[in-house]
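Enquirer: Each position in the sequence shown, counted from 1, maps to that position plus 1087 in this note's numbering. One structure, as structure tokens, below. Some questions next.
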Amino acid sequence: MCGILGAVGKLPAEQKIKEASGALAHRGPDDVGFYYSQKESVALAHRRLSIIDLSSAGHQPMASNDGRYWLVFNGEIYNYLEIREELATDYDFKTKTDSEVLLAAYIKWGADCLQKFNGMFAFAIWDKRDKKLFCARDRMGVKPFFYSFNNGQLLFASEIKGLLALGVKARADERTIFEYLNYGLYDHSDRTFFQGVNVLPSGCFAVWQNNDFKIQKYWDLADRTQNYSALSGQEVVDQLGALLADAIKLRFRSDVPVGLNLSSGLDSNSLYYYAKQITGGNLDIFSMCLASEEYNECGLIEQSLSSGNKKFWHTCYLEPAEVLAGAGQMNKIQDQPYGGIPTIAYESLVKLARDAKTTVLLEGQGVDEILAGYSYYKRELQNDAVGGKKAVDTLSYSQDMTKLINQDILSADFAAEHEGEELVFPAPFDSHLLNAQYRDICYTKLPRVLRFNDHITMRYGRELRLPFLDYRIVEFCFWLPAEHKIQNGSQKFALRQLMKGIIPDDVQGRQKKAFGAIQSEWFRQYFGQEIGDLLASDSFRARNFWNHKKLAEEVEKFFKGELDNSFFIWQCFNLELWFKEFID
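And the structure:
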């Protein structure tokens, strides 16, 4: 896991490249490297976090044996050993790294190498002979790739702060802000909160050549059609178990310690079960506790732990004061608005792993999306039962999801400028349920949480691995018939059946305690003064986004307990913090 940065076309000065790489130093504290050529019009920078082959042989930018290709790579190719064996007669390997395997695979197969990889990655390969830059991002978008393309010049980096350090001007993208305020959406398109800064979409590669930049999709969940209708319930369970066991085994490939983030629920406890089989129970476990008896789940987590693992169990407690203190710092980590108390809480968990010197963390992210775990998926299943086939190929966000706020709270001018084009997402299936899952996986829920968690873990030099987002598991679960996702009101049904008799029924039946509830409670009890002061500040009142009279009424209703709209309150607060940090 690392940080990458580069430029092609018109180059910044070499010293500027080196200084800009410093903005990503937290992503790679173990090594730094550069490739700079005015003649070739290319600059590459790399910050290394050593995970596989800790020797200096893994230094990047990494050159091919003939010196034609140069690689900067962030991520992991989990099946690199199998690919290396396949390439053994074609390439003379000098290291034991997955980076060299990636480079050799590209030399052998070109863009088709992406179909071979099981991993999380964002990388760029410079071809000196053809003066071409090839960039790619993993299928699920676990690893980030931000870029700015203007007049033939391409700048790219693992985080937006790297682009700003290269000289990209920090200007707010008002269309993104409108969709954030009106729909509560962010990270749902290739735009960012910064005008002129984009993100390479998941499952895409891009090529820069002759001052032209083109993006192409190489993987789309909608195209990976599978028919599992003939499988029995037991066959579904067996296949899911085999896939999950292999995904976790691959993600234990590491030359540094591997640990697990454990909550009280089904998803992470499923990972814990398989991880114990690999480690024999010698596994560092990290859990977040809340300084509130009503919401604290650490007692439940302790019940899930085997006696041997309790000595490796690390816990941290989130206090209200930490939330307020961490809000501004989190803006600097994320570069863009983020998701409130859950995101700040996650930072404390990652710090815990850092202090325990555990470099790699496993986590159960993604199950709710691929196995229909969110409560509203039940409604979509009911729509499938009574509504027949969808006749359109797009899904209106405003029709499918309740708007976050009363639009009267936005200023009339701001709303009129941006509301003309309805926000829609692709809806390629005849099933309401599949379309909702597809939206959440590819556009809404997963992309934003992947950005949150990547930036936090990398801020503290930790690598996050997500077994449930192994593309084989995603494809298998997504295409299962609905009865293996939701059955008799039980969601994530296939995983529950897999864990039946392994994870106790009381663990399987636990309902998640939403952070939204504690967020509302803490905002009212502890943060009224700070929120009120910021929203009354001259800078906030000068923003053209708001009908400030209506907004004041909305905020007052929240603090009186008449409205439970803490996320909207957070949006106002967080967006203003972002403006103060990056734009003003």
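In this text, a Cβ means the ideal position worked out from N, Cα and C, and glycines have one as well.
#1: Give the single residue among 1384, 1438, 1499 and 1368 whose Cα lies nearest to the Cα of residue 1638.
#2: Enumerate in chain order the residues of its own chain whose CB-to-CB distance from residue 1283 is below 6 Å, with the five nearest sequence positions on each side excluded.
#3: Look at the Cβ atom of residue 1457, then the Cβ atom of residue 1528, and state whether they are nearer than 8 Å.
#4: Helix, strand or coil for residue 1080? Go by DSSP, reduced to three states.
#5: Which first and last residues belong to the alpha helix (DSSP H) in which residue 1088 is found?
#6: Quick check on residue 1199: does DSSP put it in helix, strand or coil?
#7: So what does DSSP say about residue 1305, is it helix, strand or coil?
#8: Confirm, please, whether the CB-CB distance from residue 1257 to residue 1230 is below 8 Å.
#9: Can you tell me which of the three DSSP states residue 1228 falls into?
#10: Within a Cβ cutoff of 8 Å, which residues of the same chain sit near residue 1666, ignoring the five residues on either side of it in sequence?
#11: If you draw a straight line from the C-alpha of residue 1502 to the C-alpha of residue 1158, how long is it?
#12: Out of 1646, 1584, 1613 and 1650, state which residue places its alpha-carbon closest to the alpha-carbon of residue 1321.
#13: What three-state label does DSSP hand residue 1280 in the structure shown?
#14: Could you tell me the boundaries of the beta strand (DSSP E) in which residue 1296 lies?
#15: So what does DSSP say about residue 1362, is it helix, strand or coil?
#16: Please confirm if the stretch 1167 to 1174 is in contact with the stretch 1259 to 1276, defined as three or more CB-CB distances below 8 Å between the two stretches.
#17: Rounded to a whole number of angstroms, what is the C-alpha to C-alpha distance between residue 1093 and residue 1648?
#18: Let me confirm a value: residue 1670 is counted as buried when at least 16 other C-beta atoms fall within 10 Å, else exposed. Which label applies?
#19: So, using beta-carbon positions, are residue 1633 and residue 1543 closer together than 8 Å?
#20: Provide the residue span of the alpha helix (DSSP H) that contains residue 1372, from first to last.
#21: Could you give the residue range of the beta strand (DSSP E) that holds residue 1162?
#22: Can you tell me the Cα-Cα spacing of residue 1243 and residue 1427, whole angstroms?
#23: Who are the near neighbours of residue 1422 in its chain, counting only those whose CB is closer than 7 Å to its CB and skipping five residues on each side?
#24: Per DSSP, which residues does residue 1633 bridge with? Please list them.
#25: I'd like the span of the alpha helix (DSSP H) that includes residue 1417, first residue to last.
#26: Quick one: is the Cβ of residue 1423 within less than 7 Å of any heavy atom of the ligand FMN?
#27: If you follow the beta strand (DSSP E) that residue 1345 is in, where does it begin and where does it stop?
#28: Residue 1148 and residue 1120 look like a contact to me (Cβ under 8 Å); what is the Cβ gap, rounded to whole Å?
#29: Using only alpha-carbon positions, find the residue among 1207, 1582 and 1279 that is nearest to residue 1325.
#30: Note the first and the last residue of the continuous alpha helix (DSSP H) segment covering residue 1664.
#31: Could you tell me the alpha carbon to alpha carbon distance between residue 1588 and residue 1594, rounded to whole angstroms?
#32: Can the beta-carbon of residue 1651 be found less than 8 Å from the beta-carbon of residue 1607?
#33: Check whether chain C comes within 8 Å of residue 1371, counting only Cβ atoms and requiring the distance to be less than that.
#34: For the stretch 1345 to 1362 against the stretch 1566 to 1573, do three or more pairs of beta-carbon atoms, one drawn from each stretch, fall closer than 8 Å, so that the two count as touching?
#35: Hey, residue 1550 and residue 1139: beta-carbon distance below 8 Å or not?
#36: What residues in its chain sit with their C-beta under 7 Å from that of residue 1664, if we drop five residues either side in the sequence?
Expert: This is what the structure holds:
#1: The residue given as residue 1638 occupies position 551 in the sequence shown. Nearest C-alpha to residue 1638: 1499.
#2: Within the sequence shown, residue 1283 is the residue found at index 196, counting from 1. Excluding sequence neighbours, residue 1283 sits near 1235.
#3: Here the question's residue 1457 lines up with position 370 in the sequence shown. Here the question's residue 1528 lines up with position 441 in the sequence shown. Yes. Within cutoff.
#4: Residue 1080 cannot be examined here, being either before or after the span of the chain that is shown, 1088 to 1671.
#5: Here residue 1088 refers to the residue found at position 1 of the sequence shown. That residue, residue 1088, is in no alpha helix (DSSP H); it is neither H nor E in DSSP.
#6: Looking up residue 1199 in the sequence shown gives position 112. If DSSP states are grouped into helix, strand and coil, residue 1199 belongs with the helices.
#7: The sequence position of residue 1305 within the sequence shown is 218, counting from 1. DSSP places residue 1305 in coil when its eight states are reduced to three.
#8: Here residue 1230 refers to the residue found at position 143 when the sequence shown is read from its first residue. Here residue 1257 refers to the residue found at position 170 when the sequence shown is read from its first residue. Result no, Cβ atoms of residue 1230 and residue 1257 do not sit closer than 8 Å.
#9: Stepping through the sequence shown from its first residue, residue 1228 is reached at position 141. Three-state result, residue 1228: coil.
#10: Position 579 of the sequence shown holds residue 1666. The residues are 1259, 1626 and 1630.
#11: Within the sequence shown, residue 1502 is the residue found at index 415, counting from 1. Within the sequence shown, residue 1158 is the residue found at index 71, counting from 1. Distance between the alpha carbons of residue 1502 and residue 1158: 45 Å.
#12: Walking along the sequence shown from the start, residue 1321 turns up at place 234. Nearest of 1646, 1584, 1613 and 1650 to residue 1321, Cα basis: 1584.
#13: The residue you call residue 1280 lines up with position 193 of the sequence shown. DSSP places residue 1280 in coil when its eight states are reduced to three.
#14: Counting from 1 along the sequence shown, the entry for residue 1296 is found at position 209. Per DSSP, residue 1296 belongs to the beta strand (DSSP E) from 1291 to 1296.
#15: For the purposes of this step, residue 1362 is taken as residue 275 along the sequence shown, with counting starting at 1. Looking at residue 1362 - three-state DSSP - the assignment turns out to be helix.
#16: With fewer than three CB-CB distances shorter than 8 Å, the stretch 1167 to 1174 does not count as touching the stretch 1259 to 1276.
#17: What you label residue 1093 is simply residue 6 of the sequence shown in a count that begins at 1. What you label residue 1648 is simply residue 561 of the sequence shown in a count that begins at 1. Using only the alpha carbons, I get a separation of about 50 Å.
#18: In the sequence shown, the residue the question calls residue 1670 occupies position 583. Burial call: exposed.
#19: Taking the sequence shown and counting its residues from 1, one reaches residue 1633 at position 546. Taking the sequence shown and counting its residues from 1, one reaches residue 1543 at position 456. In this structure, residue 1543 does not lie closer than 8 Å to residue 1633 by Cβ.
#20: For this step, residue 1372 is matched to residue 285 along the sequence shown. Looking at the DSSP string, residue 1372 is not in any alpha helix (DSSP H); the run it does join, the beta strand (DSSP E), is 1371 to 1377.
#21: Translated into the one-based positions of the sequence shown, residue 1162 becomes position 75. Per DSSP, residue 1162 belongs to the beta strand (DSSP E) from 1156 to 1164.
#22: Along the sequence shown, one-based indexing puts residue 1243 at 156. Along the sequence shown, one-based indexing puts residue 1427 at 340. In a straight line, the C-alpha of residue 1243 is about 28 Å away from that of residue 1427.
#23: Taking the first residue of the sequence shown as 1, we reach residue 1422 at position 335. Same-chain partners within the cutoff: 1246, 1247 and 1248.
#24: Position 546 of the sequence shown, counted from the first residue, corresponds to residue 1633. Residue 1633 is bridged to 1497.
#25: By one-based count along the sequence shown, residue 1417 stands at place 330. Where residue 1417 is concerned, the enclosing alpha helix (DSSP H) stretches over 1407 to 1421.
#26: Of ligands this structure carries none, so the ligand FMN is not represented either.
#27: Translated into the one-based positions of the sequence shown, residue 1345 becomes position 258. Run containing residue 1345: 1345 to 1348, per the beta strand (DSSP E) assignment.
#28: On the sequence shown, position 61 is the one that residue 1148 refers to. On the sequence shown, position 33 is the one that residue 1120 refers to. 6 Å between Cβ atoms; contact.
#29: Looking up residue 1325 in the sequence shown gives position 238. Ranking 1207, 1582 and 1279 by Cα distance to residue 1325 puts 1582 first.
#30: By 1-based counting over the sequence shown, the position of residue 1664 is 577. Element bounds for residue 1664: 1653 to 1665.
#31: Counting from 1 along the sequence shown, the entry for residue 1588 is found at position 501. Counting from 1 along the sequence shown, the entry for residue 1594 is found at position 507. Answer to the nearest angstrom: the Cα atoms are 11 Å apart.
#32: Working through the sequence shown from its first residue, we reach residue 1651 at position 564. Working through the sequence shown from its first residue, we reach residue 1607 at position 520. Taking 8 Å as the Cβ cut-off, residue 1651 and residue 1607 qualify as a contacting pair.
#33: Among the protein chains of the structure shown there is no chain C, as only one such chain exists.
#34: no
#35: Reading the sequence shown from its first residue, position 463 is the one you call residue 1550. Reading the sequence shown from its first residue, position 52 is the one you call residue 1139. Contact flag unset, no.
#36: The residue labelled residue 1664 in the question sits at position 577 within the sequence shown. Once the five neighbours on either side are set aside, the close Cβ partners of residue 1664 are 1414, 1415 and 1418.
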